[in-house]
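Some notes on the structure that comes next.
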Amino acid sequence: MKEFKNFDLEETLIIKFRKLFESYGYEKIKVNTFETYDTYFKNKDIINNEKVLKIIHPNGSLYALRADMTMIIAKKFANDFQTKDINISEKVYYYDNIFRNEFGINGGLKEKRQVGIENLGTNGIFNDVETIILALNSLETISDNYILEISNVELLKSIFKNINITEDDKNIVLKFIFTKNRDELLKFLDNLKIETNYKNIIDDITTCYGSINDILIKLSKYNELKDSLNYFNNLKLYIGERQLKKIKINFSISNSLEYYTGLILQGFVEDINNPIIIGGRYDNLSKRFGKAFPAIGFAIDLDSLIKKLDIKHHLADYLIFYTEESVKFLQDIDNLRKQGKTVKISPYKKLTNKTIEELHKKYKNICKYVGGELKSCI
Numbered sequence: 000m001k002e003f004k005n006f007d008l009e010e011t012l013i014i015k016f017r018k019l020f021e022s023y024g025y026e027k028i029k030v031n032t033f034e035t036y037d038t039y040f041k042n043k044d045i046i047n048n049e050k051v052l053k054i055i056h057p058n059g060s061l062y063a064l065r066a067d068m069t070m071i072i073a074k075k076f077a078n079d080f081q082t083k084d085i086n087i088s089e090k091v092y093y094y095d096n097i098f099r100n101e102f103g104i105n106g107g108l109k110e111k112r113q114v115g116i117e118n119l120g121t122n123g124i125f126n127d128v129e130t131i132i133l134a135l136n137s138l139e140t141i142s143d144n145y146i147l148e149i150s151n152v153e154l155l156k157s158i159f160k161n162i163n164i165t166e167d168d169k170n171i172v173l174k175f176i177f178t179k180n181r182d183e184l185l186k187f188l189d190n191l192k193i194e195t196n197y198k199n200i201i202d203d204i205t206t207c208y209g210s211i212n213d214i215l216i217k218l219s220k221y222n223e224l225k226d227s228l229n230y231f232n233n234l235k236l237y238i239g240e241r242q243l244k245k246i247k248i249n250f251s252i253s254n255s256l257e258y259y260t261g262l263i264l265q266g267f268v269e270d271i272n273n274p275i276i277i278g279g280r281y282d283n284l285s286k287r288f289g290k291a292f293p294a295i296g297f298a299i300d301l302d303s304l305i306k307k308l309d310i311k312h313h314l315a316d317y318l319i320f321y322t323e324e325s326v327k328f329l330q331d332i333d334n335l336r337k338q339g340k341t342v343k344i345s346p347y348k349k350l351t352n353k354t355i356e357e358l359h360k361k362y363k364n365i366c367k368y369v370g371g372e373l374k375s376c377i
């Protein structure tokens with residue numbers, strides 16, 4: 000059975016997110032669907048070029064369908080900031096689609112819906128705190144059961160700055176950290192000439208997962224991490240106790256030391272395995288487009304969210320199968336609608352149990368109209 004988009008649910012979510020973002024001073028932004036292919040080609044370390052959908056203009060120029068929102072927004076403001084000073088941060092939100100060629104079992108040409116925010120032009124602990132709180136509030140809009148995982152790549156960078164290993168070895172260590180493969184990590188570290196204390200640090204951050212308080216207690220024994228851990232201490236000062244309980248530190252989400260420059264976050268809600276929110280601080284991105292400025296933001300995976308919520312969301316109150324065409328039938332249906340009910344009608348047909356099961360995911364009541372009256376539901 001083909002999937003059909005539930006625009007009612009989608010619009011409801013968008014309205015909620017829009018009100019939330021605008022309450023923080025964010026303004027809606029719209030960017031072009033088409034972008035010069037050169038933009039992605041020069042930044043293939045961020046987005047694999049094989050995932051970019053290319054288009055040839057009639058004049059021979061090579062373009063691409065928008066494959067990423069953050070990069071295009073950063074490029075736009077890098078151009079804008081060339082001609083004006085950055086006096087205050089530019090805070091924008093978007094609701095748009097990205098287009099990619101995905102690989103794997105469910106690969107192919109994909110159009111993905113995203114909603115997100117970008118805060119460009121200023122940095123500091125307040126900006127990070129506001130972004131964290133906005134991410135928490137976004138998750139709370141979706142579900143009462145949620146977790147926001149955070150990390151800070153500066154902690155990992157400070158470790159590698161103080162140990163003398165090759166770039167290849169560093170990437171192997173990072174791979175084991177990101178996959179939490181402690182056994183292979185320890186074997187690999189034993190073959191490197193690293194101080195024992197740093198081996199212990201790397202081991203501990205690989206297995207770290209918990210509240211800010213728990214992780215600070217666990218890692219406070221390392222003087223080498225004192226400056227990096229101050230960041231998390233500062234977060235505690237500005238985030239309320241209720242929301243602190245929803246935050247977990249997870250250093251394995253620091254999957255790009257080159258792209259991110261500080262805070263990284265990813266948010267989860269119940270019953271959805273993949274992160275619904277992904278984002279962080281990316282102060283170096285704008286330099287690629289000719290103007291350096293700090294920036295932070297996150298995106299919400301609207302498709303995964305709607306797909307899961309759609310199971311619990313009913314498109315209509317009634318799906319009614321009719322066996323006769325009569326004026327009375329239309330009048331009865333109209334009366335239901337006047338009562339505020341949403342009703343879909345369809346000629347009667349015999350349904351398999353599997354089809355009935357699928358329909359019950361979309362409709363509260365599935366009924367038959369026979370002999371001039373509504374019969375018991377299927």
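Position 358, counted from 1, in the sequence shown is what numbering that gives the first Met the number 0 calls 357; the numbers after and before it change by one each time, with no gaps. The C-beta atom is built at its ideal place from N, Cα and C for all residues, glycine as well.
Query: Under the three-state DSSP convention, the category TYR395 falls into; Result: As shown, the chain starts at 0 and ends at 377. That puts residue 395 outside it, with no answer to give.
Query: As assigned by DSSP and simplified to three states, the class of LEU218; Result: helix
Query: Own chain, CB closer than 7 Å to LYS307, minus 5 neighbours either side, in chain order; Result: ASP270, ILE271
Query: 7 Å CB neighbourhood of PHE292 in its chain, flanking five on each side removed; Result: PHE80, ILE85, LEU119, GLY120, SER285
Query: Three-way DSSP call (helix, strand, coil) for PHE297 in this model; Result: strand
Query: Top-ranked residue by Cα proximity to LYS247, from THR35, TYR208, ASN47; Result: TYR208
Query: Residues near ASP168 by beta carbon distance below 7 Å, same chain, minus five either side; Result: LEU191
Query: Integer Cβ distance of SER137 from PHE267, believed to fall under 8 Å; Result: Not really, about 12 Å apart at Cβ, beyond 8 Å.
Query: Contact under 7 Å by Cβ, ALA66 with ARG99; Result: yes
Query: Paired residues, beta bridge with SER345 - DSSP; Result: PHE320
Query: Limits of the alpha helix (DSSP H) - the one that VAL369 falls within; Result: Run containing VAL369: none in the alpha helix (DSSP H); it sits in the beta strand (DSSP E), 362-369.
Query: Burial state of GLN338, where buried means 16 or more other Cβ atoms lie within 10 Å; Result: exposed
Query: Extent of the continuous alpha helix (DSSP H) run through ILE200; Result: 195-206
Query: Selection from TYR259, LEU224, GLY289 that minimises the alpha carbon distance to ILE277; Result: TYR259
Query: Sufficient close CB pairs (3 or more, under 8 Å) joining the region 125-142 to the region 16-28; Result: yes
Query: Straight-line Cα distance separating ASP143 from ILE365; Result: 30 Å
Query: Three-state secondary structure assigned by DSSP to ALA315; Result: strand
Query: Buried or exposed (CB count within 10 angstroms, at least 16 for buried), GLN265; Result: buried
Query: Supposed contact pair LEU228 and LEU215 - C-beta distance, whole angstroms, cut 8 Å; Result: 6 Å
Query: PHE328 and SER345 closer than 7 Å at C-beta; Result: no
Query: Segment limits, beta strand (DSSP E) that includes ILE36; Result: Looking at the sequence shown, residue 36 is not Ile but Tyr. Note, TYR36: premise wrong, no beta strand (DSSP E); alpha helix (DSSP H) at 36-40.
Query: Contact check, ILE28 vs TYR93, beta carbons under 7 Å; Result: yes
Query: Bounding residues of the beta strand (DSSP E) (the contiguous stretch that carries VAL268); Result: 262-268
Query: 3 or more residues per run - each beta strand (DSSP E) lying fully within the region 133-157; Result: 145-151
Query: Distance between VAL30 and THR379 (C-alpha atoms, nearest Å); Result: Any property of residue 379 remains undetermined from this structure, which presents the chain solely from 0 to 377.
Query: Range of the contiguous beta strand (DSSP E) that encloses LEU188; Result: Counting along the chain, LEU188 falls outside any beta strand (DSSP E), though it belongs to the alpha helix (DSSP H) covering 181-189.
Query: Three-way DSSP call (helix, strand, coil) for LEU20 in this model; Result: Reading off the sequence shown, one finds Phe at residue 20, where the question assumed Leu. Of the three classes helix, strand and coil, the one that applies to PHE20 here is helix, per DSSP.
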